[in-house]
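From first to last, the protein sequence lines stand for chains A and B.
When you read off a place in the first sequence, starting at 1, and then add 1146, the result is the number in our numbering.
When you read off a place in the second sequence, starting at 1, and then add 2, the result is the number in our numbering.
All C-beta atoms, glycine included, are put in the ideal place defined by N, C-alpha and C.
Take a look at the structure below.
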Amino acid sequence: MKYGATNGCLVLLLVTALSPYVGAQEQERRKLPKSVTVAFREVISEPSKSTVQIYCDGFRAALGAIVRSDGYVVTKASELKGKIECQFSHESTKREAKIFAQDTNCDLAVLRVNAKDLPVVQWAPGDVPGVGSWLATPGMTRDPLSVGVVSVAVRRLPPNGALGIRLGNDDGSAQVSGVSDGLAAAQAGIRDGDIIRKFGEEDITGSEHLRKTIRWHYPGDKVKIVLERNGKLLTVEATLSSLTEVLPRDERSEFQNSLGGTLSERRTGFPMAIQHDSVLKPADCGGPVVDLDGKVIGLNIARAGRVESYALPAATVRDAVDKMLRTELISHPAEERPANRKSTAGNER
Amino acid sequence: MGHYFPVPASKVCSVPEFVLILTCPDLVRLAPGFRRIAMRLKRSFWIGQVAGVSLAFFLVLVAVPRSFAADATDAAKLSAAAANTEAISQSFRKVLEGAPISGVADLRAMQTHVQQISDSLRKCTIGVQVGNAWGSGVIISKDGYVLTAAHVAGQPNKPCEFTLSDGRVVKGKTLGMHRTTDAGMMKITDPGEYPYADLANSVKDQQWCLSMGHPGGYQSERGSVLRLGQVLLVTPDAITTDCTLVGGDSGGPLFDMTGRVIGINSRIGEHLYTNMHVPVGIFQDTDDWQRMIKGRIWGRMMNDDPGWLGVKKDETSKEAKIGGFPAKSPAQRQGLMVGDVILELDERKISDFDALSKAVFDCAVNESVKIKVRRGEKVLEIPYVRLEKKP
């Protein structure tokens, strides 16, 4: 007992003396053994050439990937604001950039920069890497910004739309047993006791089915809902709320997830995502993520929690980028089109 | 290799001072600076996450692995580790134990290895629901014994539900727990054969390790979440790694690179490198495993002061013999006498005076303990000895 007490005191004293120094040095990045970092240098040497540092109003806001040699860069859309500038890995100066097109579904934006002969990112063909595969995030230096492994097989992340209703027990129909003030259902005129028969195109078979269906719609979506009220059918249109508005804030979960750094503002509702355990900051997202062969298997799209970062798989990014570039080029030849025109290409879902 | 981690051991050692017990609202333990936040957190509503008492325990894995060994042959296919201990070359084993890697080839070998074992790790990692609170657990025997965190179990002998990796929900109950170390045990009560992981008690600094669990609670479309990291510090009470953890991971397994359980996810600190796990191995030299199975709860919460019995050692004896009493001794007032040899404290065998000190240190102030003593020729039991605060 005596020993325990004495040791405890010593440890506490030491800690007090050392902690400010340690805290300042660590900066919340997981330190890899030197040998691992060095091994990854050759892995990322090619893809890092296609990695772009993006500044907004002078501050590092995101990374990006060069998608066309004549000055097109894809990045995370929701991090962009103010004056946008790009810095390529082979240059020390920043170049002004304009938003060319956006895909809010994937949270991607294509930027247009006045440049040519840029090294284009080579998206990996084929399967996404499985659970346990190494992933590295190249930054602007020869060492990777972060390294981790795939934590969860690729999956869709529900966008978490919400109506703001309570539902009765699942007995083969979805009966409303409560409506939250001010949210989608209340605004659409849905009332206590209504039975929801149809949600969008989906015939609703029960409470659980309705819950799932709503979660897979986006906040802001306008959805036609067929209700049964007093034996009569009627149709209303609701503009969906977000699940975060509906659920009570889970402060403890939020607090724990904030330990270790800030999270991306937009971090759910991606059509496909690879969850990995690389430690990223929100401003580290938007750039390529590579496997052990140096193949670009995706684009980091969100820092989502203390244990999770998300990457869009290469195929998803490629499709979205193709669509953004093609749509714009068909309607407006690149030379003539105003560079800052925003597009909603790829928004249909 | 210690210098690759700019975290002095003392920094990590300090963790109990500012550690958050994952998922447990009334047991949030924080440094003074965070106390205000902690107060707020206590009032917060924790969706589907674990509630209940925190703390940990001493798993005695010695007795148990032996008893499992008897039926190990027919269960070989079910055991994660059995499938994973395929021939690992000497040099690769060194890499897995934390030796500097020589290049991409080593990383590739590690990746292939992890990809191969990840499925079996996933199969023995389960979601745990006690009441409306979620945590994680790991199956460690064919008949469904589960290791978890004490603060996930909450109370012994309560019904709970487990969600297996294939989504199947089975019934179970909580067993014993040692609150001091946050070790807890449960059992699947639906009869059946379950995929399980073996246990390993050897843990070294810098060795690579894998953590599994259900952060944020079980999610059917996601399943358990893999994290790779390295052991940063091993102390008798905790393994600290950089496998990041968060609420809901509590009770999930920390594996060595052959897929054997070396720890149980327990709590986190402020930093990404303070993720703490209950070591599986340290419990091997006690008989607490049986207490777990019997559903006992013991040990003290992290913030409780240790109890004080107030006995002096008889230096001439190798046993826990009382040589005298300090002033105000609770032991003296409650019937113990000079010359008594203490044999058991709350059914824990006391072999010598050190064991007695440890056992008392593990109890809280105001806790009553049952003490068995040998007095002369007779063995007698003093059913309630109340421990006090050391003056």
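For A/Asn1403, the residues of chain B that pass the 7 angstroms Cβ criterion are Val248, in the order they occur in the chain. Listed in chain order, the positions of the region 1421-1452 of chain A with a beta carbon within less than 8 angstroms of a beta carbon of chain B are Gln1421, Asp1423, Val1425, Leu1438, Gly1451, Arg1452.
Taking C-beta separations shorter than 6 angstroms and ignoring five residues to either side along the sequence, the partners of B/Gln209 in its chain run Glu99, Gly100, Val233, following chain order. The beta carbons of A/Asp1430 and A/Leu1257 sit no closer together than 8 angstroms. Interface annotation, B/Pro158: not in contact with chain A, CB-CB separation never under 8 angstroms. By the C-beta density criterion, B/Asp307 is exposed, having fewer than 16 other C-beta atoms within 10 angstroms. Annotation: B/Gln209 is outside any beta strand (DSSP E) and is labelled neither H nor E by DSSP. A distance of 8 angstroms or more separates the beta carbons of B/Gly297 and B/Lys314.
In the three-state reduction of the DSSP assignment, A/Trp1362 falls in the coil class, being assigned neither a helical nor a strand state. Under DSSP, B/Gln232 takes part in a beta bridge, and its partners are B/Trp210. Scanning chain A for C-beta atoms nearer than 8 angstroms to the C-beta of B/Gly218 yields Ser1399, Gly1451, reported in chain order.
Straight-line measurement puts the Cα of A/Ser1292 at about 33 angstroms from the Cα of B/Ala135.
The beta-bridge partner set that DSSP reports for A/Lys1222 consists of A/Leu1254.
According to the DSSP assignment, B/Cys126 belongs to the alpha helix (DSSP H) that extends over 106-126.
Neighbours of A/Arg1301 in chain B, taken as residues at a C-beta separation under 7 angstroms, are given in chain order as Glu223, Arg224. Look at A/Gln1402 here: in three-state DSSP terms it is helix.
For the C-beta of B/Ser120, the chain A residues within less than 7 angstroms are, from N- to C-terminus, Val1277, Gly1278. Nearest to A/Arg1187 by C-alpha distance, out of A/Lys1368, A/Asp1396, A/Asp1289, is A/Asp1289. Non-local C-beta neighbours of A/Asp1367 in its own chain, meaning closer than 8 angstroms and more than five positions away in sequence, comprise Gly1307, Thr1385, Leu1386, ordered along the chain. Chain-order list of chain A residues neighbouring B/Pro102: Pro1179, Ser1181, by C-beta distance under 7 angstroms. Going by beta carbons, B/Ile141 and B/Cys126 fall inside the 8 angstroms limit. In the three-state reduction of the DSSP assignment, A/Asp1289 falls in the coil class, being assigned neither a helical nor a strand state. Fewer than three pairs of CB atoms, one per stretch, sit closer than 8 angstroms, so the region 1212-1230 of chain A makes no contact with the region 142-162 of chain B.
Look at A/Ser1353: its C-beta is not under 8 angstroms from any C-beta on chain B. Taking a Cβ-Cβ threshold of 8 angstroms, none of the residues of chain A is close to B/His153; the smallest such distance is about 13 angstroms. Checking the DSSP bridge columns, you'll see B/Leu382 partnered with B/Val375.
Pairing A/Lys1240 with A/Gln1233 gives a Cβ-Cβ distance under 8 angstroms. For B/Glu272, the closest Cβ of chain A is nearer than 8 angstroms. Within the same chain, and ignoring the five residues on either side of B/Lys374 in sequence, the residues whose Cβ sits closer than 6 angstroms to its Cβ are Leu345, Glu346, Glu383. Remark: three or more beta-carbon pairs, one from each stretch, lie closer than 8 angstroms, so the region 1446-1457 of chain A and the region 1398-1415 of chain A are flagged as touching.
When the Cα atoms are used, B/Thr182 and B/Gly301 turn out to be separated by approximately 5 angstroms. Listed in chain order, the beta strand (DSSP E) elements of length 3 or more contained wholly in the region 219-282 of chain B are 229-236, 241-243, 255-257, 263-270, 277-281.
The C-alpha of B/Asp356 lies about 8 angstroms from the C-alpha of B/Ala322. Sequence-distant partners of B/Pro281 (beyond 5 residues in either direction) whose C-beta falls short of 6 angstroms from its own C-beta, in its chain, are Ile241, Gly265.
Pairing A/Val1392 with A/Gly1310 gives a Cβ-Cβ distance under 8 angstroms. For A/Ser1196 against A/Val1266, the beta-carbon gap comes to about 6 angstroms, under 8 angstroms, which counts as contact.
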